[in-house]
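The block underneath contains the structure these notes are about, expressed in structure tokens.
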DNA sequence: CGCTTCCTGACT
DNA sequence: AGTCAGGAAGCG
């Protein structure tokens with residue numbers, strides 16, 4: 032569930048605690064979350080002694096630059112959490128890995144479902160997750176323009192929801208922000224890419240940028256995800272217009288938010304604000 | 001292109 | 001017991 036705004040919030044709140052710190056020890060409780068290297072000893076061996084130089088983010092990947100030119104990359108997927116704190120006796124349920132830092136503080140990786148994981152990339156780039164190299168522009172990057180979005184949907188018969196969930200098209204969106212953006216743009220989730228008219232593409236682009244920025248400002252939607260070591264949740268959950276609101280009244284029109292399955296995902300939308308596509312919407316056939 | 005798989009807990 | 005949650009890789 033962590034999407035771009037949630038990962039960005041994690042990055043911002045961890046950075047002051049981690050930058051400049053050196054990892055002094057690593058304890059692996061579940062090797063299943065190690066993506067590269069996949070064994071605890073090599074993983075710990077490569078991380079211990081490295082200093083964290085900077086925290087970056089690309090899409091939903093958190094990237095920690097290390098002093099040797101390598102990188103420590105974490106993807107939270109569904110239930111992953113990074114928690115910085117100083118209480119050695121504190122052990123969250125589903126604690127999978129703990130890194131000890133040279134100031135006595137700790138960075139815990141917690142992941143109930145173990146879908147997330149981490150990568151240690153050496154200075155030559157060995158170990159980079161494959162998906163990272165295939166990402167489209169970040170939803171908040173200036174390179175993500177209306178023209179880029181137009182190019183991504185052009186000629187595509189896939190649903191717009193499916194296209195937006197594809198990280199190769201735009202990086203950082205997940206189920207929540209896609210539903211929110213489509214509602215804000217008044218586009219039905221099953222509209223095909225090729226059916227979108229230029230004005231609709233521009234509207235969708237503006238909606239994506241707006242909801243993602245709002246999510247960052249609100250420090251994300253909290254769902255087993257906390258912005259810092261004190262476990263304080265983000266406020267975006269209270270600002271959602273459609274996600275999780277099936278059966279409730281649409282804030283825009285008063286109609287009832289509906290639920291469907293689109294691109295294999297639970298999907299919330301307003302049938303009145305987001306009208307059902309008609310066949311061959313907006314595209315002449317020859 | 002969409003569907004399945006991974007993974008585990010909450011809910012019906 | 002069965003269904004759902006869903007990010008992303010993999011498959012047909």
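In our numbering, the protein residues as written are 32 to 317.
Think of the CB as a built atom: it goes at the ideal place given N, C-alpha and C, for glycine as much as any other residue.
Asked                                                                                                                                                                 : Found
What does a CB cutoff of less than 6 angstroms around residue 65 pick up in its chain, not counting 5 residues either side in sequence?                               : 74
Buried or exposed for residue 215, going by 16 or more other Cβ atoms inside 10 Å?                                                                                    : buried
Among all the DSSP beta bridges, which residues are the ones paired with residue 69?                                                                                  : DSSP lists no partner for residue 69.
Can you tell which of 67, 119 and 195 has the C-alpha that lies nearest to the C-alpha of residue 104?                                                                : 67
Determine the contact status of residue 204 and residue 39, defining contact as a CB-CB distance below 8 angstroms.                                                   : no
Can you name, in chain order, every residue of its own chain whose Cβ lies under 7 angstroms from the Cβ of residue 177, other than the five neighbours on each side? : 232, 233 and 236
Rounded to the nearest angstrom, how far is the Cβ of residue 200 from that of residue 223, given a contact under 8 angstroms?                                        : In fact, because the Cβ distance is near 14 angstroms, the residues do not count as touching under 8 angstroms.
To the nearest angstrom, how far is it from the Cα of residue 90 to the Cα of residue 109?                                                                            : 14 angstroms
Whole angstroms is fine: what's the gap from residue 255's alpha carbon to residue 112's?                                                                             : Because residue 255 sits at a pLDDT of 45, beneath the cut-off of 50, its placement in the model cannot be relied upon, and the point is left open.
Let me check one thing: in DSSP terms, what residues is residue 118 bridge-paired to?                                                                                 : Answer is none; residue 118 lacks a bridge partner.
Using only CA atoms, which one of 197, 244 and 127 lies nearest to residue 71?                                                                                        : 127
Figure out for me which residue from 172, 59 and 82 has the closest Cα to the Cα of residue 139.                                                                      : 59
Kindly identify the DSSP beta-bridge partner or partners of residue 169.                                                                                              : 202
Excluding sequence positions up to five away, which residues of its chain have a Cβ less than 7 angstroms from the Cβ of residue 194?                                 : 183, 184, 187, 200 and 224
Would you list the residues sitting across from residue 298 in a DSSP beta bridge?                                                                                    : 291
Taking the alpha-carbon positions, what's the residue 309 to residue 32 distance?                                                                                     : 32 angstroms
Give, in chain order, every unbroken run of the alpha helix (DSSP H) that is at least 4 residues long and sits entirely within the region 206-291.                    : 206-215 and 229-248
Use the C-beta contact count for residue 157: other C-beta atoms within 10 angstroms, 16 or more gives buried, fewer gives exposed.                                   : exposed
Just curious, the alpha helix (DSSP H) that residue 87 is in, first and last residue?                                                                                 : Taken as a continuous stretch (DSSP letters only), residue 87 belongs to no alpha helix (DSSP H), being part of the beta strand (DSSP E) at 83-89.
For the alpha helix (DSSP H) containing residue 102, name the first residue and the last one.                                                                         : Premise fails: residue 102 lies in the beta strand (DSSP E), 102-106, not in any alpha helix (DSSP H).
Cutting at 8 angstroms between CB atoms, please list the residues of its own chain near residue 129, excluding the five before and the five after it.                 : 57, 58, 60, 137, 138, 139 and 140
For residue 88 and residue 238, what's the separation of their Cα atoms in angstroms?                                                                                 : 22 angstroms
Nearest-angstrom Cα distance between residue 219 and residue 302?                                                                                                     : 8 angstroms
Under the three-state reduction of DSSP, which class applies to residue 44: helix, strand or coil?                                                                    : helix
From 273, 152 and 282, pick the residue whose C-alpha is nearest to that of residue 289; which is it?                                                                 : 273
Between the alpha carbons of residue 135 and residue 63, how many angstroms are there, rounded?                                                                       : 26 angstroms
In this structure, does DSSP put residue 189 in helix, strand or coil?                                                                                                : coil
Quick check: the Cα distance between residue 170 and residue 243, rounded to an integer number of angstroms?                                                          : 7 angstroms
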